[in-house]
Amino acid sequence: LPQNEKTYNINLAIDTMKTIDALGYRMINDEPPVRLRPIRLPQNYQQSNGFKPQPLDAHEISLDDSMFPLIDALAKNTHNVWAKEKIRRGWTFGLSEVSPVYLSARQFLKVMHFT
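Just so you know, our numbering puts the end of the sequence shown at 125, numbered straight through with nothing missing.
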């Protein structure tokens, strides 16, 4: 990844961890309930620059219902961090996707949910 994208991903991860802490949840460094392994992707997932994503397979991890308020808060915060960066770069809400006006910069509650 280009350095600016690496920096964005790192800052988003740090901000997510800070948000978890600020919301009163505590993170512990403990043994995971299952061994996480990367998902095996077909060779055609490799990009021309050699990058091949290796997302972790978390399908065996289940979350307690008490985690859903945290999940919702993190989703809202992640969207707001994304929107803040887009607005900083000049994005605004508009009726067409003509740079720098994009339909995609919206308040989180107005984003369509697929749940």
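Glycine is no exception: its CB is placed at the ideal position from the N, C-alpha and C atoms.
All values derive from a computational prediction rather than experimental measurement.
Beta-bridge pairing of residue i - partner residues as DSSP gives them
i	result
Leu66	Pro48
First and last residue of the uninterrupted alpha helix (DSSP H) at residue i
i	result
Asn21	Gln13 to Ala32
Pair within 8 Å by beta-carbon distance, residue i and residue j
i	j	result
Thr26	Leu66	no
Ile71	Pro43	yes
Pro63	Leu51	yes
* Segment contact, 8 Å Cβ cut-off, at least three pairs: the stretch 27 to 47 with the stretch 61 to 79 -> yes
* Is there contact here, the stretch 85 to 99 with the stretch 12 to 28, by at least three beta-carbon pairs under 8 Å? -> Touching, yes, given that three or more Cβ pairs across the two stretches are closer than 8 Å.
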